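The block underneath contains the structure these notes are about, expressed in structure tokens.
Protein chains: 2
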Amino acid sequence: MRDIPERLGLVAIPVSGEPVFVYCTIEGEQARRESWLEELVGYTEWREQPIQTLARVLAEQGVADGRIGVEKRHLSARDFAELERSMPKATFVAADEVFDRMRAIKTPAEIETLTEAAFSTDIAIRRAFAQATVGSTEREIADAIIAECAARGGGRVVFLTVATGPNGSLVHAEPGDARLEPAGVIRTDFGVGWGHYLSDIARTAFVGPITHQQETTYMKLVGAQEETIASVRPGEQAKHVYRACADAFARRGLAFDIPHVGHSIGVGLHERPMLQPFDETVLEPGMALMVEPGVMTTDGFYHTEDLIVITENGNRVCSRSADWATPMVLS
Amino acid sequence: MRDIPERLGLVAIPVSGEPVFVYCTIEGEQARRESWLEELVGYTEWREQPIQTLARVLAEQGVADGRIGVEKRHLSARDFAELERSMPKATFVAADEVFDRMRAIKTPAEIETLTEAAFSTDIAIRRAFAQATVGSTEREIADAIIAECAARGGGRVVFLTVATGPNGSLVHAEPGDARLEPAGVIRTDFGVGWGHYLSDIARTAFVGPITHQQETTYMKLVGAQEETIASVRPGEQAKHVYRACADAFARRGLAFDIPHVGHSIGVGLHERPMLQPFDETVLEPGMALMVEPGVMTTDGFYHTEDLIVITENGNRVCSRSADWATPMVLS
Numbered sequence: 155m156r157d158i159p160e161r162l163g164l165v166a167i168p169v170s171g172e173p174v175f176v177y178c179t180i181e182g183e184q185a186r187r188e189s190w191l192e193e194l195v196g197y198t199e200w201r202e203q204p205i206q207t208l209a210r211v212l213a214e215q216g217v218a219d220g221r222i223g224v225e226k227r228h229l230s231a232r233d234f235a236e237l238e239r240s241m242p243k244a245t246f247v248a249a250d251e252v253f254d255r256m257r258a259i260k261t262p263a264e265i266e267t268l269t270e271a272a273f274s275t276d277i278a279i280r281r282a283f284a285q286a287t288v289g290s291t292e293r294e295i296a297d298a299i300i301a302e303c304a305a306r307g308g309g310r311v312v313f314l315t316v317a318t319g320p321n322g323s324l325v326h327a328e329p330g331d332a333r334l335e336p337a338g339v340i341r342t343d344f345g346v347g348w349g350h351y352l353s354d355i356a357r358t359a360f361v362g363p364i365t366h367q368q369e370t371t372y373m374k375l376v377g378a379q380e381e382t383i384a385s386v387r388p389g390e391q392a393k394h395v396y397r398a399c400a401d402a403f404a405r406r407g408l409a410f411d412i413p414h415v416g417h418s419i420g421v422g423l424h425e426r427p428m429l430q431p432f433d434e435t436v437l438e439p440g441m442a443l444m445v446e447p448g449v450m451t452t453d454g455f456y457h458t459e460d461l462i463v464i465t466e467n468g469n470r471v472c473s474r475s476a477d478w479a480t481p482m483v484l485s
Numbered sequence: 155m156r157d158i159p160e161r162l163g164l165v166a167i168p169v170s171g172e173p174v175f176v177y178c179t180i181e182g183e184q185a186r187r188e189s190w191l192e193e194l195v196g197y198t199e200w201r202e203q204p205i206q207t208l209a210r211v212l213a214e215q216g217v218a219d220g221r222i223g224v225e226k227r228h229l230s231a232r233d234f235a236e237l238e239r240s241m242p243k244a245t246f247v248a249a250d251e252v253f254d255r256m257r258a259i260k261t262p263a264e265i266e267t268l269t270e271a272a273f274s275t276d277i278a279i280r281r282a283f284a285q286a287t288v289g290s291t292e293r294e295i296a297d298a299i300i301a302e303c304a305a306r307g308g309g310r311v312v313f314l315t316v317a318t319g320p321n322g323s324l325v326h327a328e329p330g331d332a333r334l335e336p337a338g339v340i341r342t343d344f345g346v347g348w349g350h351y352l353s354d355i356a357r358t359a360f361v362g363p364i365t366h367q368q369e370t371t372y373m374k375l376v377g378a379q380e381e382t383i384a385s386v387r388p389g390e391q392a393k394h395v396y397r398a399c400a401d402a403f404a405r406r407g408l409a410f411d412i413p414h415v416g417h418s419i420g421v422g423l424h425e426r427p428m429l430q431p432f433d434e435t436v437l438e439p440g441m442a443l444m445v446e447p448g449v450m451t452t453d454g455f456y457h458t459e460d461l462i463v464i465t466e467n468g469n470r471v472c473s474r475s476a477d478w479a480t481p482m483v484l485s
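From first to last, the protein sequence lines stand for chains A and B.
Residue numbering for the first sequence follows this note's numbering, starting at 155 and increasing by one per position.
Residue numbering for the second sequence follows this note's numbering, starting at 155 and increasing by one per position.
What follows is the structure, given as structure tokens:
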């Protein structure tokens, strides 16, 4: 449970032998049912500290004085201090990058799940937009997106931005009471759980009559996204994609003011590599990247986001249930 | 954004002078709009590390070689290591308990929000249950709860358990395709955002015809909850409430196998005090506690949960929109 940060689930993976899953007994039946790990050790909250149970498991694995890699990004400073106190003879090393690399290349089954998630999320957004009209509120559109997505198998809503009018300039606006107005802009950015994986799709549409300025800017944005996607190839570094997007924006006279233009996705929302100017990860087949350029206008933020899977020779776009290359105009 | 754990929001609070909010520029307009803090310093993701920006702010506050309290439960081990590296002359002290104490006593406005959240969540559950019949799926009931709650002002779904049949024994089951059957049990545990605050309500109902065994067990559970609530008084320790619940279960011949029987709530789901056997926090007026006993039966987990606000002389139950003291039986 993400909102009870102390209720830790921990896995101790020895170099050889079976990994052990340390779980909270309150979630015991679920841990046994959902995990493929076979060695499970439970701790009872408040009677036992999860870190103490982990230290015992690690000692049984023979590494009480060993060298232990820790995903320090996901362990709190308090828990890590407790772990160091509990295992004074062990050496702890930040192992975040090992896990980043391991998660970056997806299995075919993972790609299938991520594709289903992204494609279904896109259908849900398209259908919810199609039902919206002048007068619809952000919240009504949000509810429609959630319902359409749930009907297709979507789970936990990770985040859901729906913005129109003055909220358009808030990148992560919560849906509220603002209503669609003629010649307005509607934007969503929506992430939802699909089994243990996530989707993350952003789309922008327009309320008729669309202005010439709106159409021009939108076409520039999707054109720049296409060019960015074309730069996603095995052998290139992640930062190359960021550079390609900056260049595509410049060529179209679009203001480029985004710290990243995309990210890997999987069990986490922003996995590595990140399509940002300093990420030198070399792209490889099997990576799943969200490519999400956006541009701030006087009319709010325009945003589009697609799932790209890297193949042997290039990439495949996996998230388009409809033609987003021309602006969607609601009546 | 909770699912991008690296996108930190940090506040540096000096002993005297203005607190400074360190925010990510991507969320800049939102930070300015939603925060009551007036001093804001942004960092641009990837170009600047949030911890470096924080260290600069702290140095400007004059504590480069000072003593700095850190909420270590909410800072990752990686970020804390970075903070120690960035401020080699400072002394860092775990300050989690200071924040726990500060959050434990709610202001009248906070109590009003928490009450509205809890009461509205309870109405939503009651109405969704009332619409359910034999054949309804867990997912349909979950969707109805979400829709009813959103219509009343509920925000982000923090977690939503809906369980019937064999899933009844999973404490935090995700809603699935299981259908209500005659003489079955339906249970939910639902937490939702209300502005920056949270609700958390658990309820159990029955599909007719209710069996004698079900009715007896349910009545024992709600009776035990009443006795537990009666033990919530200023001046008592939190662990006393746990003990009172254990005693109430024993007197009724109910198996008592729960690590805690409730918790404080606010901006976090499980705040302090926790109603667990080792928490010696003295209860005070203005505390908001969830009291949530549950009992595992051959028929699944029976669970009930209410918001209790501690007053000068005792407490007030703030979450009952209907009579849950007798079993709700769906047709």
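Cβ coordinates follow ideal geometry from the N, Cα and C atoms, glycine included.
Since the structure is predicted, the reported quantities are computational estimates derived from the model, not experimental observations.
Please classify R281(A) as buried or exposed, where buried requires at least 16 other C-beta atoms within 10 Å of its C-beta. One-based indexing of the first sequence puts residue 281(A) at position 127. Buried.
On the premise that P388(B) lies in contact with E466(B), defined as a C-beta separation below 8 Å, what is that separation, rounded to the nearest angstrom? Here residue 466(B) is taken as the residue at index 312 of the second sequence, counted from 1. Here residue 388(B) is taken as the residue at index 234 of the second sequence, counted from 1. Going by Cβ atoms, the distance from E466(B) to P388(B) rounds to 7 Å, so yes, they are a contact pair.
So H366(A) is in the alpha helix (DSSP H); what residue range does that whole segment cover? The residue given as residue 366(A) occupies position 212 in the first sequence. Counting along the chain, the alpha helix (DSSP H) containing H366(A) begins and ends at 366-384.
Mind checking the region 315-343 of chain B against chain A and listing, in chain order, the residues whose C-beta falls within less than 8 Å of any C-beta there? Residues of the region 315-343 of chain B whose Cβ lies closer than 8 Å to any Cβ of chain A, in chain order: S323, L324, V325, H326, A327, E328.
Does the region 334-352 of chain B touch the region 306-313 of chain B, meaning 3 or more C-beta pairs lie closer than 8 Å? Per the Cβ contact rule, the region 306-313 of chain B is in contact with the region 334-352 of chain B (3 or more Cβ pairs under 8 Å).
Could you say if the region 275-289 of chain B and the region 468-477 of chain B meet the contact criterion of at least three C-beta pairs nearer than 8 Å? Result yes; three or more Cβ-Cβ pairs closer than 8 Å.
Reduced DSSP secondary structure (H/G/I, E/B, other) of A166(A): Counting from 1 along the first sequence, the entry for residue 166(A) is found at position 12. In the three-state reduction of the DSSP assignment, A166(A) falls in the strand class.
Please list, in chain order, the chain A residues whose beta carbon lies closer than 7 Å to that of G309(B). Counting from 1 along the second sequence, the entry for residue 309(B) is found at position 155. Per Cβ cutoff of 7 Å: E328.
Assigned secondary structure, L208(A) (DSSP; H/G/I helix, E/B strand, else coil): Within the first sequence, numbered from 1, the residue matching residue 208(A) stands at position 54. Residue state, collapsed to three classes: helix.
By Cβ distance below 6 Å, which residues in the same chain neighbour G440(A) in space, the five residues on each side in sequence not counted? Here the question's residue 440(A) lines up with position 286 in the first sequence. Close CB contacts of G440(A) within its chain, under the 6 Å cut and outside five residues either way in sequence, are with I259, K260 (chain order).
Any non-hydrogen atom of the ligand ZN closer than 6 Å to E438(B) Cβ: In terms of ligand content, the structure shown is empty, and the ligand ZN therefore cannot be addressed.
CB R255(A) to CB S230(B), shorter than 7 Å? The residue given as residue 255(A) occupies position 101 in the first sequence. The residue given as residue 230(B) occupies position 76 in the second sequence. Not closer than 7 Å, so no.
If you count every other CB in all the chains shown that lies within 10 Å of the CB of H366(B), and 16 or more means buried, which is it? The residue you call residue 366(B) lines up with position 212 of the second sequence. Residue environment for H366(B): exposed (fewer than 16 other C-beta atoms within 10 angstroms of its C-beta).
Going by other Cβ atoms of all chains shown within 10 Å of its Cβ, with 16 needed for buried, is D460(B) buried or exposed? Sequence index remark: in the second sequence, residue 460(B) carries index 306 (1-based). It is buried - the Cβ of D460(B) has at least 16 other Cβ atoms within 10 Å.
What do you reckon, are the CB atoms on A402(A) and A384(A) nearer than 7 Å? Here residue 402(A) refers to the residue found at position 248 when the first sequence is read from its first residue. Here residue 384(A) refers to the residue found at position 230 when the first sequence is read from its first residue. No, these two residues do not count as a Cβ contact at 7 Å.
Beta-carbon within less than 6 Å of E398(B)'s beta-carbon, same chain only, minus the 5 sequence neighbours each way: which residues are those? For the purposes of this step, residue 398(B) is taken as residue 244 along the second sequence, with counting starting at 1. Checking the sequence, you will find Ala at residue 398(B) rather than Glu. Contacts found: T382, S385.
Taking Cβ positions, are A271(B) and S353(B) nearer each other than 7 Å? Numbered from its first residue, the second sequence carries residue 271(B) at position 117. Numbered from its first residue, the second sequence carries residue 353(B) at position 199. With respect to the 7 Å criterion, A271(B) and S353(B) are classified as neighbours on the basis of their beta carbons.
Pair within 7 Å by beta-carbon distance, A296(B) and P320(B): In the second sequence, residue 296(B) corresponds to position 142, counting from 1. In the second sequence, residue 320(B) corresponds to position 166, counting from 1. No, the Cβ-Cβ distance between A296(B) and P320(B) is not below 7 Å.
By a C-beta neighbour count over all protein chains shown, 10 Å radius and 16 as the cutoff for buried, is P363(A) buried or exposed? Reading the first sequence from its first residue, position 209 is the one you call residue 363(A). It is exposed - the Cβ of P363(A) has fewer than 16 other Cβ atoms within 10 Å.
Could you tell me which chain B residues have their CB closer than 9 Å to the CB of T198(A), listed as they occur along the chain? Taking the first residue of the first sequence as position 1, residue 198(A) is located at position 44. The contacting residues are P413.
Chain-order list of residues whose beta-carbon lies under 6 Å from that of V463(A) (same chain, five-residue window excluded): In the first sequence, residue 463(A) corresponds to position 309, counting from 1. Correct list, in chain order: I265, A442, R470, C472.
Three-state class that DSSP yields for T435(A) in the structure shown: Locating residue 435(A) in the first sequence gives position 281, where the first residue counts as 1. In this structure, DSSP gives T435(A) a state outside helix and strand, which the three-state scheme calls coil.
For V445(B), does the count of other Cβ atoms within 10 angstroms reach 16, so buried, or fall short, so exposed? Within the second sequence, residue 445(B) is the residue found at index 291, counting from 1. With 16 or more other CB atoms across the displayed protein chains lying within 10 angstroms of its CB, V445(B) is buried.
Chain-ordered chain B contacts of S230(A) [CB-CB under 9 Å]: In the first sequence, counting from the first residue as 1, residue 230(A) sits at position 76. Within 9 Å Cβ-Cβ: K226, R227, H228, L229, S230, A231, F234.
May I have the straight-line CA-CA distance separating T358(B) from L324(A), to the nearest angstrom? Within the second sequence, the letter at position 204 stands for residue 358(B). Within the first sequence, the letter at position 170 stands for residue 324(A). Taking the Cα positions, T358(B) is about 40 Å away from L324(A).
CB contact below 7 Å: F283(B) versus chain A: Taking the second sequence and counting its residues from 1, one reaches residue 283(B) at position 129. Any Cβ of chain A closer than 7 Å to the Cβ of F283(B) would place that residue at the interface, and such an atom is absent.
Using a Cβ cut-off of 7 Å, which residues of the region 400-425 of chain A contact any Cβ in chain B, in chain order? Against chain B - using a Cβ distance shorter than 7 Å - the residues of the region 400-425 of chain A are P413, H414, L423, H424.
Touch check for the region 233-244 of chain B and the region 421-437 of chain B: three-plus C-beta pairs under 8 Å? With the cut-off at 8 Å, the region 233-244 of chain B and the region 421-437 of chain B do not touch.
Is the beta carbon of K374(B) less than 7 Å from the beta carbon of R341(B)? Residue numbering aside, residue 374(B) sits at position 220 when the second sequence is read from its first letter. Residue numbering aside, residue 341(B) sits at position 187 when the second sequence is read from its first letter. With contacts defined by Cβ atoms closer than 7 Å, K374(B) and R341(B) do not form a contacting pair.
Just the Cα atoms here: how many angstroms apart are L162(B) and A479(B)? In the second sequence, counting from the first residue as 1, residue 162(B) sits at position 8. In the second sequence, counting from the first residue as 1, residue 479(B) sits at position 325. Rounded to the nearest angstrom, the two C-alpha atoms are 44 Å apart.
Exposure label - A409(A); buried when at least 16 CB within 10 Å: Here residue 409(A) refers to the residue found at position 255 when the first sequence is read from its first residue. Exposed, because fewer than 16 other Cβ atoms sit within 10 Å of the Cβ of A409(A).
Considering only their Cβ atoms, is the gap separating A332(B) from T318(B) smaller than 7 Å? By 1-based counting over the second sequence, the position of residue 318(B) is 164. By 1-based counting over the second sequence, the position of residue 332(B) is 178. In contact: T318(B) and A332(B) (Cβ atoms closer than 7 Å).
Under three-state DSSP, which class holds E329(B)? Here residue 329(B) refers to the residue found at position 175 when the second sequence is read from its first residue. With the sequence shown as reference, residue 329(B) is identified as Pro, and Glu is not the correct amino acid for it. In the structure shown, P329(B) sits in coil (DSSP, three-state: anything other than H, G, I, E or B).
Short check: CB of V361(B) to CB of L334(B), under 7 Å? Taking the first residue of the second sequence as 1, we reach residue 361(B) at position 207. Taking the first residue of the second sequence as 1, we reach residue 334(B) at position 180. V361(B) is a Cβ neighbour of L334(B), given a cutoff of 7 Å.
Which residues of chain A have a Cβ atom closer than 8 Å to the Cβ of G289(B), listed in chain order? Along the second sequence, one-based indexing puts residue 289(B) at 135. Within chain A, no residue comes near G289(B); the closest Cβ sits about 17 Å away, beyond 8 Å.
Cβ atoms of T370(B) and T451(B): under 7 Å apart, would you say? As a working note, residue 451(B) is residue 297 in the second sequence. As a working note, residue 370(B) is residue 216 in the second sequence. For the 7 Å CB-CB criterion, T451(B) and T370(B) do not form a contact.
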